[in-house]
Structure formats: structure tokens, C-alpha cells
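This note's numbering numbers the first residue of the first sequence as 694 and each following residue consecutively.
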Amino acid sequence: MDRRVRVRFAPSPTGPLHIGGVRTALYNYLFAKKHGGDFLLRIEDTDQNRFVPGAEEYITEALEWVGLKFDEAPHIGGPYGPYRQSDRKEIYRQYAEQLLESGNAYYAFDTSEDLEDVRKKAEQAKMSWKYDPITRQSMKNSLTLSQDEVQKRLDNNEPYVVRIKLPRKDEVRFHDEIRGWVVVNTSQMDDKVLFKSDGMPTYHLANIVDDYLMKITHVIRGEEWLPSAPLHVLLYRYLGWEDVMPKFAHLPLLLKPEGNGKLSKRDGDRLGFPVFPLEWKDPKTGEISSGYREAGYFKDAVVNMLALLGWHPSDNRELFTMDELVEAFTIEKVSKSGAKFDVEKAKWFNHHYLMTKPNEELAEALQPTLVANGVAMTADRVAIVCGMMKEKVQFIPELFTAGRYFFFNPESYDETVVNKKWKDFTTAILTDLKDALNNLADFTAEEIEKTFHHVVETQHGKKPGEMMQTFRLSISGVGGGPPIFDMAAFLGKETVVKRMEKCFEMVKPAVS
RNA sequence: GGCCCGUUAGUCUAUCGGCUAGGACGUAUCCCUUUCACGGAUGAGAGACGGGUUCGAUUCCCGUACGGGCUACCA
């Protein structure tokens, strides 16, 4: 029986999605599209305590930004909705009851204080404690209490949870598409809560019910879910859905570049690079965490970089558009081990994509930076600047910071260049050059170059190399940049002459 | 602690028993460029360790070490 491929990305709206979550979503998307299937978003907000306002909007905006389009989602709708678990509250109870009736689950009346107590006692005895086939015999639940007692408590609306009733010793095995067969014995597991006293299901129940109802065929999620996968397999079995149980693929985690541990939301900006796709302002603290988008990353660079962090095609290709990724992606080629995030590689990708962008597009993207810095320049002129600068920078805003001299007169002059190149004869020659340039009818790169050679070589008998950098310095204030004659032509005669005069005032020749 | 997963250069990775271990980022040197970059060339740099299996192990098995995850009425 071949089913249409359907995958879901199921985040919990407890804050901004971090970049590892974006990768999980990306792999789901690639897999779905590769197989002509559906990609859905399901918001898992069963924990009302952890709800963060704005988080869901952030998630959809972030995924839209990187170019992942959902076929079904809370904000889009679809035939299997609603897609927000809090809106599906009524659905879950009947499945908890089904499990209760079939004897695969039971009521438990232990309060959180009760549980805390037994855990503390166990801890003092240096033992670990879990709610399992042995310990449940001494707890307050429908397995130990009389039927009347249970009914009485239920009738009195006493708070209760529903827990799965695990077999004492049973091997649960399932095939992971990335890791192969995984075997866990139920003796290592515990009777997880499926239905909470607040009337909401836990992740485990909601997840299985929704995946079943939404006809999910492949569960592609982070490795942190691997330990609870056996529980999920058991739930499919107890609910009688084993024949349509999705295939599992547990993705390796994204690790911090330094130190230990997986990349987490709390890493914020400490690491020196964004961990979030979009800038996020914490609604409680007002704290702002930077995002890839705001930091000047291109979405295609982010996608390309993310795709290669834990996945690799069999050939050595590294540059992929989204469509090419869809074409090339296979779950089998996802690696098993965690990947440390590498900022340098991320920058390289960005640089690569920046260089390949059309100048006009760069100019448009640079506009906000220019406005923020009080620069008013026509779009076509900005595009020319971008063309001259793009191979030298990695991020859009750097087109401005590294090419500041295109927009403002220099206020200082690179001292190392001055000390090294500014000789006693320099001012005199550059003054002659300035005057000659001032007399130019056509202020084009070619004419400027011709004039330069005439003044420097013919009139003063110097080598071009002796004057080139000081000429550049007198116009831009720095020692590097685009071809100087093009730059001068772009700036125009008036600006060039003024800037040179200003330079002569400011720069004192090094004592030789 | 217990359970699960993993382990090729600083980082991401290729290799489905034959390897002089390939590529990319980064790094070093050189070329191009009268600058900076881009581009090109070259170099340094890896199979955690110990046992097996095999004619032959990076590749298969076991153990150890190390790393990671999970161990909530959170997802």
C-alpha cells in the first residue's frame, strides 16, 4: 500500500525557532517535495505554561523567509485541521479513553508533591526512580485502588492523569531510516503520562494521535526524540494503528561550535553569531537576539549552509539552490553524528551568494543601511558601487562600511599607508595631478589614467607604483579598494579635486 | 548514575572490504592584480584506542575511552 508522502514540522511555540529547528524543517520540506508529497506545520502547544506570545508567528515568518512553503498549516488551513494542538483539545480524550478501556493505560491520582517525595527519597538512597511496572504498585492509581475508590475520585473531580501501562519486560524495536534498527527494553522505560490533569494531552499522545489523523507517513525530527520513539511505537500498537505507523528518521543534532552540548535557544548571541533565523525580541525581558536575516545573510546561503550541515550528496557538490536540493536530497545520506556549527563556512556561503547577485538587487538590499546612515544616492549609482565592492565583502551592510568613501569624504587617512608611501615629493606631484585632472574635459576612467601616467611618469619621472597608492589614499583615505581610476571617475571631478586638496591639508609627510 | 545514539584533519564531510584516505571552509606559500579582493596553483593537516573476523580493514564484530541525547503532569 503506497501512501502519499506526508511529513510535518511540529514545533512548540515556546520562543523563537533556532537554526537547528530550521534545518529540521528544511529536511522535512526537502523530503516531502522530493517525493511529491505534503509538508505541514503543526503547532504543539499542549503546555500552556510555556506558551510565548509571538512565537508561532515567528516560526511561520522564519520558515517563509527561508523559502519553505507549507501545504497545510494553522495560518493556511487544510483538510486535516485544525493544526494547532490547543484547538484540537477535544480530540485527544477519546484516545486516552480507548487506551484505558483496552487496559493499556490507567488513571493515576498521585499529586506532584507525592511524586516529588518518592523521587527525593530515592535520590537520598542514591537510587533513581521512575514510575514503572514495579513502582506503580505502591502508588495511587487505578491499578492499586479499588474500582469503587477510583470511581469515587473520578466522580469527585479529583485531579488525575492517564499513564501508559508498560509491560514489565518487552523488547520494542523499530527501524530508524538514518540509524537502522533501534532496540529498547520496556524495563528501561517508564509509565509516561499521556493525559495531564489540566485536560490536555502530553506531547506523546497528541503527537501520535495527530500524526495518525493527519496521515503522516514519515516522522523526521531531532535526535532528542530517539529515546521516546519506543514509547511512540507502543502507542501505535496499543491504539491499533501499527499498519499505518509512520517511518522514523532521527536527525543528528546541531552542536555548539565551542564547548559542549547542543545548540539551544538560550545560546542567543553569546556565540558571536546568530542562532535564530530572524531577529527576536523577548516579550518578557525585551532582550533582543540577532537573526540571520537582519545580520545580512541571504536566505539561499542559509538554506545551502544548513542543508550541508548533516547531509551531503555522493558527489562533491556544495552549491545548491532550493530546487537542486529537492532534487538531490535523500534521507539515506543524512549523517549519524552531530555537527558543530561553523560560522566561517556560513560566511563563505554568504560571500559566494553575494558575489553572484545582480548589482541592482544588492543596491536595493543595501538601501535600509544607507537610509540609516543618512545617505541619499540614486539607485543606479548605488548599484555601481555594489558592483565595485561586492567581491570584497561578505554581508550587505559591509558594502556600505567597506565602501564608505563612496558616500562620504574621508575624515582620516590610513597611517600605515601614509608612513610607508607618502614621501617628501608626494604632495608636489599629487598637486600637479590634481590640477591636471581639474582641467580634464572628459572625466572618464581612461582619461584619468592617461593623465596620471602623464603627470607621474612624463613630468616627474616616477614609476606609477610610487604614486598609485597615495593617489588612492588622497581620494578614499584607505589603501585598498576597487580600481582607482574607475573609482575616481565614479566620484566625479569636483569631489576628487576637493578630496585631494583636503588631503594635502591633513597629511603631513613622514620625515625622511 | 541508568538507558540510547554517535566517533575520518580545527570545522562540515566522501569512502557502501583493496586507500598513494577524496572534496569544501579555514590556514600557509606562490601566481594574477602597480591596491584590497576575486580567480588560479601548491602545501601542511584525519581514520579515538585495544582486540578480533579476513589474503586484506577507515569500512564488519566486541571491548574501552571520549562526545552527545534522554531520564517532568516540557516539547
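For glycine and all other residues, C-beta sits at the position ideal for the given N, C-alpha and C.
Please classify His943: is it buried, with 16 or more other beta-carbons within 10 angstroms of its beta-carbon, or exposed? By 1-based counting over the first sequence, the position of residue 943 is 250. Answer is buried; the Cβ neighbour count reaches 16.
Return yes when the Cβ of Ala994 is within less than 8 Å of the Cβ of Phe1034, no when it is not. Position 341 of the first sequence, counted from the start, is the residue given in the question as residue 1034. Position 301 of the first sequence, counted from the start, is the residue given in the question as residue 994. No.
How would you write the range of the beta strand (DSSP E) that Asp810 sits in, first residue to last? Within the first sequence, the letter at position 117 stands for residue 810. Not the beta strand (DSSP E): Asp810 falls in the alpha helix (DSSP H), residues Ser805 to Gln817.
Between the C-alpha atoms of Asp1179 and Phe1145, what's the straight-line distance to the nearest angstrom? What you label residue 1179 is simply residue 486 of the first sequence in a count that begins at 1. What you label residue 1145 is simply residue 452 of the first sequence in a count that begins at 1. Near 13 Å, if we compare the C-alpha coordinates of Phe1145 and Asp1179.
Decide if Gln741 is buried, meaning its Cβ has at least 16 other Cβ atoms within 10 Å, or exposed. Residue numbering aside, residue 741 sits at position 48 when the first sequence is read from its first letter. With fewer than 16 Cβ atoms within 10 Å of its Cβ, Gln741 is classed as exposed.
Report all residues from its chain with a CB closer than 6 Å to the CB of Asn878; omit the five preceding and five following residues, and keep chain order. As a first step, residue 878 must be located in the first sequence, where it is residue number 185. These residues qualify, in order along the chain: Glu864.
Using the three-state DSSP reduction, which class does Trp822 fall into: helix, strand or coil? Stepping through the first sequence from its first residue, residue 822 is reached at position 129. Correct three-state label for Trp822: coil.
What residue from Arg781, Val843 and Asn997 has the CA that sits closest to Asp803's CA? What you label residue 803 is simply residue 110 of the first sequence in a count that begins at 1. Asp803 has its Cα closest to that of Val843, out of Arg781, Val843 and Asn997.
State yes or no: is the C-beta of Phe1088 within less than 8 Å of the C-beta of Tyr1046? Here residue 1088 corresponds to residue number 395 of the first sequence, with the count starting at 1. Here residue 1046 corresponds to residue number 353 of the first sequence, with the count starting at 1. No; because the gap between Cβ atoms is not below 8 Å, this pair is not in contact.
Whole angstroms are fine: how far does the CA of Asn1052 sit from the CA of Gly1080? Here residue 1080 corresponds to residue number 387 of the first sequence, with the count starting at 1. Here residue 1052 corresponds to residue number 359 of the first sequence, with the count starting at 1. Roughly 5 Å separates the two Cα atoms.
Taking three-plus beta-carbon pairs below 8 Å as touching, is the region 759-766 in contact with the region 722-735? yes
Quick one: grab the DSSP three-state call for Asn1009. Indexing the first sequence from 1 puts residue 1009 at position 316. The answer is coil: DSSP assigns Asn1009 none of H, G, I, E or B.
Contact set for Asp891: own chain, Cβ-Cβ below 8 Å, skip 5 residues either direction: Mapped onto the first sequence, residue 891 falls at position 198. Closer than 8 Å at Cβ, skipping near neighbours: Gln741.
Are the CB atoms of Arg872 and Lys1026 nearer to each other than 8 Å? Position 179 of the first sequence, counted from the start, is the residue given in the question as residue 872. Position 333 of the first sequence, counted from the start, is the residue given in the question as residue 1026. No, these two residues do not count as a Cβ contact at 8 Å.
Helix or strand or just coil, what does DSSP make of Tyr853? Along the first sequence, one-based indexing puts residue 853 at 160. Three-state DSSP puts Tyr853 in coil, outside helix and strand.
Comparing alpha-carbon positions, which option in Lys858, Tyr853, Asp810 and Lys819 lies nearest Asp827? Sequence index remark: in the first sequence, residue 827 carries index 134 (1-based). According to the sequence shown, residue 827 is Ile rather than Asp. Here the closest residue by C-alpha is Lys858.
Contact set for Thr837: own chain, Cβ-Cβ below 8 Å, skip 5 residues either direction: Against the first sequence, residue 837 aligns to sequence position 144. Within the same chain, Thr837 has close Cβ partners Arg829, Gln830 and Ser831.
Find out if the Cβ-Cβ distance for the pair Ala1000, Leu1018 is shorter than 8 Å. What you label residue 1000 is simply residue 307 of the first sequence in a count that begins at 1. What you label residue 1018 is simply residue 325 of the first sequence in a count that begins at 1. Yes, these two residues count as a Cβ contact at 8 Å.
Taking Cβ positions, are Leu932 and Tyr788 nearer each other than 8 Å? By 1-based counting over the first sequence, the position of residue 932 is 239. By 1-based counting over the first sequence, the position of residue 788 is 95. Taking 8 Å as the Cβ cut-off, Leu932 and Tyr788 qualify as a contacting pair.
Could you check if Glu749 is buried or exposed, using at least 16 other CB atoms within 10 Å of its CB as the buried criterion? For this step, residue 749 is matched to residue 56 along the first sequence. Looking at its Cβ environment, which holds 16 or more other Cβ atoms inside 10 Å, Glu749 is buried.
Nearest-angstrom Cα separation, counted from Lys813 out to Ser821: Here the question's residue 821 lines up with position 128 in the first sequence. Here the question's residue 813 lines up with position 120 in the first sequence. Taking the straight line from one Cα to the other gives about 9 Å.
Bridge partners for Val875 per DSSP, in chain order? Indexing the first sequence from 1 puts residue 875 at position 182. DSSP, once it has assigned bridges, lists Phe867 as partnering Val875.
With a Cβ-Cβ cutoff of 8 Å, do Val902 and Tyr785 count as a contact? Working through the first sequence from its first residue, we reach residue 902 at position 209. Working through the first sequence from its first residue, we reach residue 785 at position 92. In contact: Val902 and Tyr785 (Cβ atoms closer than 8 Å).
DSSP has Arg670 in a bridge; who is on the other side? No statement about residue 670 is possible, as the shown extent of the chain runs from 694 to 1205 and does not include it.
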